[in-house]
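Only one structure is covered here, and it is reproduced in the block below.
Number of protein chains: 4
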Amino acid sequence: MSTQGSSGELRVGMVGYAFMGAAHSQAWRTVNRVFDLPARATMVAVCGRDGAKVAEAASRLGWAEAVTDWRELIARDDIDVIDVCTPGDSHAEIAIAALEAGKHVLCEKPLANTVDEARAMVAAAVKARALGVRSACGFNYRRVPAVTLMRNLIADGRLGAIRHVRAVYLQDWITDPNFPLVWRLQKDKAGSGALGDIGAHIIDLTQFVTGQQITGVTGITETFIKERPLPEASSGLSASAGAATGEVTVDDAAVFVARLSGGGLATYEATRFATGRKNGLKVEINGELGSLVFDLERLNELEYYDATKPAAEQGFSRILVTEAEHPYVAAWWPPGHILGYEHSFTHEMRDFIEAVATGADPTPSFEDALQVQLVLDAVEKSDASWVSVLA
Amino acid sequence: MSTQGSSGELRVGMVGYAFMGAAHSQAWRTVNRVFDLPARATMVAVCGRDGAKVAEAASRLGWAEAVTDWRELIARDDIDVIDVCTPGDSHAEIAIAALEAGKHVLCEKPLANTVDEARAMVAAAVKARALGVRSACGFNYRRVPAVTLMRNLIADGRLGAIRHVRAVYLQDWITDPNFPLVWRLQKDKAGSGALGDIGAHIIDLTQFVTGQQITGVTGITETFIKERPLPEASSGLSASAGAATGEVTVDDAAVFVARLSGGGLATYEATRFATGRKNGLKVEINGELGSLVFDLERLNELEYYDATKPAAEQGFSRILVTEAEHPYVAAWWPPGHILGYEHSFTHEMRDFIEAVATGADPTPSFEDALQVQLVLDAVEKSDASWVSVLA
Amino acid sequence: MSTQGSSGELRVGMVGYAFMGAAHSQAWRTVNRVFDLPARATMVAVCGRDGAKVAEAASRLGWAEAVTDWRELIARDDIDVIDVCTPGDSHAEIAIAALEAGKHVLCEKPLANTVDEARAMVAAAVKARALGVRSACGFNYRRVPAVTLMRNLIADGRLGAIRHVRAVYLQDWITDPNFPLVWRLQKDKAGSGALGDIGAHIIDLTQFVTGQQITGVTGITETFIKERPLPEASSGLSASAGAATGEVTVDDAAVFVARLSGGGLATYEATRFATGRKNGLKVEINGELGSLVFDLERLNELEYYDATKPAAEQGFSRILVTEAEHPYVAAWWPPGHILGYEHSFTHEMRDFIEAVATGADPTPSFEDALQVQLVLDAVEKSDASWVSVLA
Amino acid sequence: MSTQGSSGELRVGMVGYAFMGAAHSQAWRTVNRVFDLPARATMVAVCGRDGAKVAEAASRLGWAEAVTDWRELIARDDIDVIDVCTPGDSHAEIAIAALEAGKHVLCEKPLANTVDEARAMVAAAVKARALGVRSACGFNYRRVPAVTLMRNLIADGRLGAIRHVRAVYLQDWITDPNFPLVWRLQKDKAGSGALGDIGAHIIDLTQFVTGQQITGVTGITETFIKERPLPEASSGLSASAGAATGEVTVDDAAVFVARLSGGGLATYEATRFATGRKNGLKVEINGELGSLVFDLERLNELEYYDATKPAAEQGFSRILVTEAEHPYVAAWWPPGHILGYEHSFTHEMRDFIEAVATGADPTPSFEDALQVQLVLDAVEKSDASWVSVLA
């Protein structure tokens with residue numbers, strides 16, 4: 027049972043204040059200033075283990091209070107929503123406790139570090155849902171206007187049967203072998219490496235836009251740099267290296283091919299070793315009647331190929347997704363005035379607030395996020411299936 | 027003499043709350059949450075003529091109070107900065123009064139509707155400056171990281187002598203002849219049309235990045251649609267049409283060629299009739315040693331051609347201007363996480379706050395903005411110089 | 027009266043064998059192997075002043091004979107077509123003599139070095155035409171499939187009223203001040219510099235695709251490097267420098283704005299100082315209903331913006347102009363297999379052969395080419411019309 | 027022992043005159059006109075089963091004679107080179123017979139329809155080589171200047187250790203289920219579908235540019251349309267459909283991931299169902315020190331990311347591969363004048379002629395082509411290795 031604040035208010039407590047915490051804060055601060063919504067988010071408190079640091083973060087990010095124990099946050103009566111922005115190893119414990127305490131939960135992706143944890147979270151979400159307590163996983167890229175448009179066009183049948191999905195998420199932030207062993211490179215904290223961190227995004231995104239599920243995979247993961255210096259200080263995605271070294275326990279890269287529930291084929295690649303690619307999430311979908319292409323580094327654009335037009339006029343159209351007719355855009359600036367990465371979070375909060383305030387289930391659900399986890403798990407298992415090329 | 031608030035506070039009053047007012051508000055709300063600055067901006071009051079509307083705007087945009095008379099704003103002791111976001115016909119009156127009252131002034135571009143008004147504003151700014159009262163004109167595109175980088179590379183001598191500038195600002199928002207006669211299409215309100223509204227941006231931007239001035243021009247302006255329906259309601263750049271019509275008294279498009287103080291040639295085009303171009307500000311600079319290209323619709327990118335490299339490896343490099351090494355970027359997200367249009371205003375406020383708080387003159391100055399006005403004026407005068415092609 | 031060869035044969039004599047001569051030879055060798063045509067071109071003889079060199083060229087380029095006097099070529103009975111590939115200063119003399127001798131003439135662009143010469147050539151062409159002797163000027167870019175498609179779409183009314191033309195032809199082959207004073211930099215040989223050499227191309231191309239004429243201009247030309255070393259040896263566009271220097275007597279760059287006969291505005295730029303641009307002919311046309319963009323460095327592509335589509339789906343479509351439905355393409359390779367620069371000449375020869383063989387006038391006519399010359403002339407005259415920007 | 031013609035002559039007989047035959051003919055006609063070579067190719071005879079059609083082809087394509095039995099071609103004394111342009115099912119028989127007869131052989135790709143045939147061809151090539159008889163397989167894309175440049179940069183160590191290869195060859199020519207069952211869709215003629223036809227190209231190309239081999243694969247092939255109308259007439263890649271239908275016995279698409287001998291990961295996709303992609307061969311290589319990207323639809327360009335430059339200036343550089351400093355280019359046109367698909371064949375003939383004339387082995391060898399065949403075979407075998415995603 028949710029402890030809702032005064033009519034039209036949604037009181038938020040956030041756990042974690044690093045990269046994701048900063049992005050979520052920017053969104054919570056902005057969402058009601060841009061969108062007309064049935065409820066207004068209030069930034070009640072942020073939680074972190076280091077009292078001084080979390081106090082500084084609260085002041086900088088706009089939270090009224092700072093606390094050092096997430097259990098305290100959950101116990102409070104003046105909080106309706108728990109926003110989980112911690113590393114994956116604590117998602118399950120916090121989210122389940124919050125749901126059991128009747129708090130709506132928005133949990134960052136990936137949902138959990140293991141399938142078992144994810145299943146437990148789904149169980150908690152199902153139970154809470156029956157009591158009107160809502161939950162969602164934060165796959166924010168679903169809310170990039172061009173991605174939502176992509177989904178809408180496919181849902182409208184504009185591509186016909188889907189034949190191919192090709193999705194990559196390419197970064198290069200650890201190509202330097204001296205980049206230190208931050209938490210994202212440790213299995214106990216992060217669950218997996220590129221696969222779970224950024225591979226999860228393209229799995230969710232492609233399942234979302236196609237409305238289909240991945241039914242089987244075969245692929246491989248690899249750790250190119252197996253030993254790295256231990257970090258001395260880290261912040262967000264950057265860190266400085268110390269003298270001691272440690273073992274990298276997650277993958278640097280993962281590549282796999284997949285079958286989709288609709289009969290199509292898909293290829294996936296997630297890597298932190300694609301030199302020159304900074305946030306290179308690219309997805310192409312080919313259907314019977316057309317194709318769509320999205321590139322996160324140019325997130326205001328969507329390419330659409332309409333094969334039903336006269337042959338001499340067919341071509342990939344670069345749609346600048348900044349028109350009032352496009353998802354989420356009317357609330358922002360005039361056509362051609364581009365949005366950034368952070369706007370996807372503002373849209374995520376917009377949809378979350380609207381759902382919770384109107385008694386609906388926000389998306390993606392924990393069940394949706396579990397499906398991503400199952401794919402990640404299958405990829406790791408598939409690693410043994412391999413045919414040698416022997417002369 | 028400025029009436030500064032408590033140490034490290036800069037109390038802002040804004041006049042106007044339409045498109046520019048919304049963009050400025052977003053920036054004032056965000057700037058101190060992202061940047062470490064010597065002063066913190068406080069959003070004291072917003073001013074508009076319609077009491078109900080301005081009250082709603084204050085609440086939505088985050089201003090503590092709403093007032094209906096800008097003179098009242100200027101008279102208050104608890105305001106340090108006047109942010110002028112009104113149409114051009116009131117800039118001179120408000121800005122001059124504010125400066126005379128000892129308020130720092132940030133005035134939207136173009137500085138004024140006429141050269142005479144602009145000269146009067148410069149005179150007021152000079153007088154105020156002697157008393158420690160600061161002023162700047164809001165050419166926000168200077169603060170797009172890629173534009174600042176462009177300027178830095180040129181200032182570092184990376185292009186050598188500048189041979190060519192080609193600059194266009196292409197929009198298509200009034201290609202429909204039934205789009206109504208909003209204030210931006212009326213000479214008494216807007217001063218000029220595409221020339222002053224968007225042409226001013228590319229004049230300032232190219233003078234800024236090259237560090238040179240336009241010394242002579244020849245060109246032409248045109249009004250394609252001379253009669254339009256009067257508007258019934260307008261908001262930002264959109265409006266609905268009524269039955270009565272009126273005369274369009276500004277240009278729809280302006281094209282001109284120019285000489286630069288460094289000996290180079292330049293071409294300029296500003297139009298609201300470039301079908302398919304939404305916010306198509308594109309600038310290319312060719313120098314002896316290299317070239318640079320910027321496109322506002324892809325504002326996170328800068329193309330750089332380095333002609334000092336081996337011939338076989340030369341090419342236009344697409345620099346994704348999202349690295350910590352790039353101007354303004356370190357305060358935001360990791361590499362590859364793109365920024366939007368609105369961030370240019372946050373950077374503008376960042377630089378304005380820093381300058382004012384440290385007793386420096388922010389840029390661009392009113393003098394810089396007058397120079398833009400002089401170019402606009404020369405273009406309008408050049409319209410008669412024309413050679414017929416006669417068989 | 028033309029001295030036609032055996033039925034279905036068109037016997038060609040070419041004057042000049044440098045860059046254009048090589049390109050034309052490649053086209054004459056290829057055209058009947060790719061296209062089904064009513065006549066077959068025979069490469070009878072090539073003419074050049076240096077006997078040894080022209081003999082070598084004949085052997086290499088595929089001409090049966092080499093001669094050293096173009097008058098001899100014209101006097102022969104076994105030649106039907108004179109293909110003029112010399113520098114501009116000899117076009118008028120050769121072309122007029124050939125026409126008077128009853129030879130069909132294909133003359134490289136620009137038609138002549140002066141308006142007077144061009145008028146004399148038109149007079150000769152008119153007289154010859156009455157006797158069934160054909161003439162055309164070699165603006166080969168009209169025959170790039172994407173350019174022809176551009177014209178067809180405009181002719182079909184797909185853009186509606188034309189509002190804007192912006193055309194640039196950007197090269198960088200003489201940015202090095204030590205590049206020698208080749209014939210293209212000498213007024214007596216070349217007539218003008220960037221203006222006549224590459225500016226002529228964009229003038230013709232834009233008049234061709236829009237079906238309109240330039241009616242007035244204002245602009246400026248500039249010579250950045252006024253003194254250059256005299257060349258020791260040159261070939262095509264490359265040359266080596268000697269110790270002595272000489273005066274550059276043509277423009278390095280020309281920029282101008284223009285009015286079109288249909289009421290639109292246009293901007294033009296031709297330069298050899300656009301560092302990084304190699305063959306950067308780019309044309310954009312904005313109309314009421316859509317826009318088109320062409321880039322010669324990507325000559326297999328045409329961008330088309332169709333503003334009659336639903337707002338949410340509008341965008342610039344990159345049409346890969348390699349489909350059988352596209353002009354000239356069916357004779358070549360399957361879709362997606364791109365054509366090169368030289369194919370435009372093969373298409374030029376295709377159209378020339380077909381016109382001559384069927385008794386029609388090939389295009390562009392000498393009259394069309396004179397119109398280009400008139401524009402070039404007006405640009406040079408407009409150079410004085412200038413408004414200073416004075417503070 | 028080869029029956030070489032008069033000094034400096036290489037007399038060619040070609041088997042097959044469809045798509046590949048036309049492309050090869052264009053190259054044989056052109057190669058000695060553009061490149062200075064130690065031998066001149068003579069187009070002696072073309073062979074095809076239909077006497078009337080092959081005679082027409084000989085006349086159109088420039089072959090002196092037409093014959094109907096390839097054995098006759100091989101038996102002739104006046105032929106030095108056999109150029110095999112037939113479907114894959116006859117490669118082994120013709121090539122082996124030709125080699126045994128002492129003819130140099132250029133054989134189109136894929137080398138054969140089965141690994142066994144390919145092994146037999148290698149055995150024949152090895153034997154012939156010992157006698158000075160040369161052989162090569164026609165992977166023409168190695169000779170696109172941008173691809174050769176790619177290889178050279180990697181060979182020079184510019185990328186450092188290779189981490190990732192991602193290669194796709196995307197076409198859409200049979201997305202229409204009514205497109206008929208041409209020979210390329212029949213296993214007995216073509217060996218395999220997209221995998222062998224276009225997948226072979228990207229396997230060879232990536233092994234060539236990296237200098238590495240694929241050592242293991244896992245993937246899947248799929249036939250989306252299992253029944254198609256039988257063709258009534260076909261030419262090149264196009265055909266018309268009849269009323270009867272037949273079974274498609276080859277794959278429509280193949281996707282697989284691979285390990286490289288140098289420790290990197292690779293993804294491959296070959297499909298004829300990528301709507302909107304016409305000849306979409308794209309390859310990206312990520313190394314420790316940089317990255318390279320090639321796109322066959324823009325084959326005059328190479329993107330190069332140099333990670334050794336200062337962070338603020340790094341970016342993907344679009345190198346226009348049309349400079350005299352680039353492979354093969356100096357013989358053609360000035361910078362920026364682009365080459366087409368067909369030029370890759372002219373370069374192939376150039377290298378083949380030069381190798382044969384100087385007594386060297388041309389590349390790729392039959393051994394190189396066998397390696398491609400082994401990879402194709404392993405992909406087909408890997409199809410069973412699959413991990414289901416089960417909730």
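Chains as they are written, first to last, in my numbering: chain A, 27 to 417; chain B, 27 to 417; chain C, 27 to 417; chain D, 27 to 417.
Just so you know, even glycine gets a beta-carbon here, dropped at the ideal spot from N, CA and C.
Between the C-alpha atoms of B/Glu-310 and D/Asp-62 there is a straight-line separation of about 40 angstroms. The C-alpha of A/Trp-89 is placed about 14 angstroms away from the C-alpha of A/Leu-36. Nearest Cα to C/Cys-73 within the set C/Leu-87, C/Val-60 and C/Arg-66: C/Leu-87. Of the other Cβ atoms in all chains shown, 16 or more fall within 10 Å of the Cβ of D/Asp-403; this residue is therefore buried. Excluding sequence positions up to five before and after B/Ala-124, its CB lies within less than 7 angstroms of the CB of Ile-100, Ile-108 and Val-131, all in the same chain and listed in chain order. Under the 8 angstroms criterion on CB atoms, B/Leu-157 is classed as non-interfacial with respect to chain A.
Beta-bridge annotation (DSSP): D/Pro-206 is not paired with any residue.
In the DSSP secondary-structure assignment, D/Cys-133 is bridged to D/Val-110 and D/Cys-163. Around C/Pro-203, the same chain offers Ile-251 and Arg-254 as residues with beta carbons nearer than 8 angstroms, after the five sequence neighbours per side are excluded. Within 8 angstroms of the CB of D/His-369, the CB atoms of chain C belong to Gly-366, in sequence order along the chain. CA-CA distance, B/Phe-165 to B/Pro-136, rounds to 8 angstroms. Comparing C-alpha distances from D/Gln-238 to each of D/Ile-188, D/Val-274 and D/Asp-409 shows the shortest one belongs to D/Ile-188. In terms of Cα proximity to A/Lys-153, the closest of A/Asn-139, A/Ala-121, A/Pro-336 and A/Met-176 is A/Ala-121.
Between the region 316–323 of chain B and the region 169–182 of chain B there are three or more C-beta pairs closer than 8 angstroms, enough to call the two in contact. In its chain, beyond the 5 residues on either side, Val-70, Ala-71 and Ala-84 have a beta carbon closer than 7 angstroms to the beta carbon of C/Glu-91.
When the five nearest sequence neighbours on each side are left out, the beta carbons in the same chain lying within less than 6 angstroms of the beta carbon of D/Gln-52 are those of Glu-368, in order along the chain.
In the assembly as shown, A/Glu-258 is an exposed residue. Its beta-carbon has fewer than 16 other beta-carbons within 10 Å. Residue pairing for C/Ala-284: DSSP places it in a beta bridge opposite C/Val-243 and C/Ala-292.
When only Cα atoms are considered, D/Ala-357 and C/Ala-81 end up about 19 angstroms apart. If you check the CB distance, B/Gly-42 and B/Cys-111 come in under 8 angstroms. In the structure shown, the three-state DSSP call for D/Gly-341 is coil. Secondary structure of A/His-363 (DSSP, three-state): coil.
A Cβ of chain D is located within less than 8 angstroms of the beta carbon of B/His-352. C/Gln-340 reaches chain A at Ser-343, Ile-345, Leu-346 and Glu-349, counting residues in chain order whose Cβ is nearer than 9 angstroms.
When C-alpha distances from B/Arg-324 are compared across A/Ala-181, A/Arg-169, A/Gly-77 and A/Ile-345, the shortest belongs to A/Ile-345. Of all alpha-carbon atoms in C/Pro-360, C/Gly-222, C/Ala-44 and C/Thr-201, the one lying nearest the alpha-carbon of D/Phe-45 is that of C/Pro-360. The shortest C-alpha to C-alpha distance from D/Gly-302 to any of A/Gly-268, A/Ala-49 and A/Gly-313 is the one to A/Gly-313. For A/Ser-266, the nearest beta carbon of chain D is not closer than 8 angstroms to its own beta carbon. For D/Thr-236, the enclosing alpha helix (DSSP H) has its first and last residue at 226–236. With its beta carbon less than 8 angstroms from one in chain D, B/Ala-337 belongs to the interface. For D/Lys-304, the chain C residues whose Cβ falls inside 7 angstroms of its Cβ are Leu-346, Thr-348, Pro-361 and Gly-362, in order along the chain. Contact annotation for B/Asn-312 against chain C: Leu-196, Asp-198, Thr-201, Thr-297, Phe-299, Ala-300, Thr-301, Gly-302 and Arg-303 [CB-CB distance below 9 angstroms, chain order]. In this structure, the straight-line span from the alpha carbon of C/Gly-47 to that of B/Ala-138 is close to 58 angstroms.
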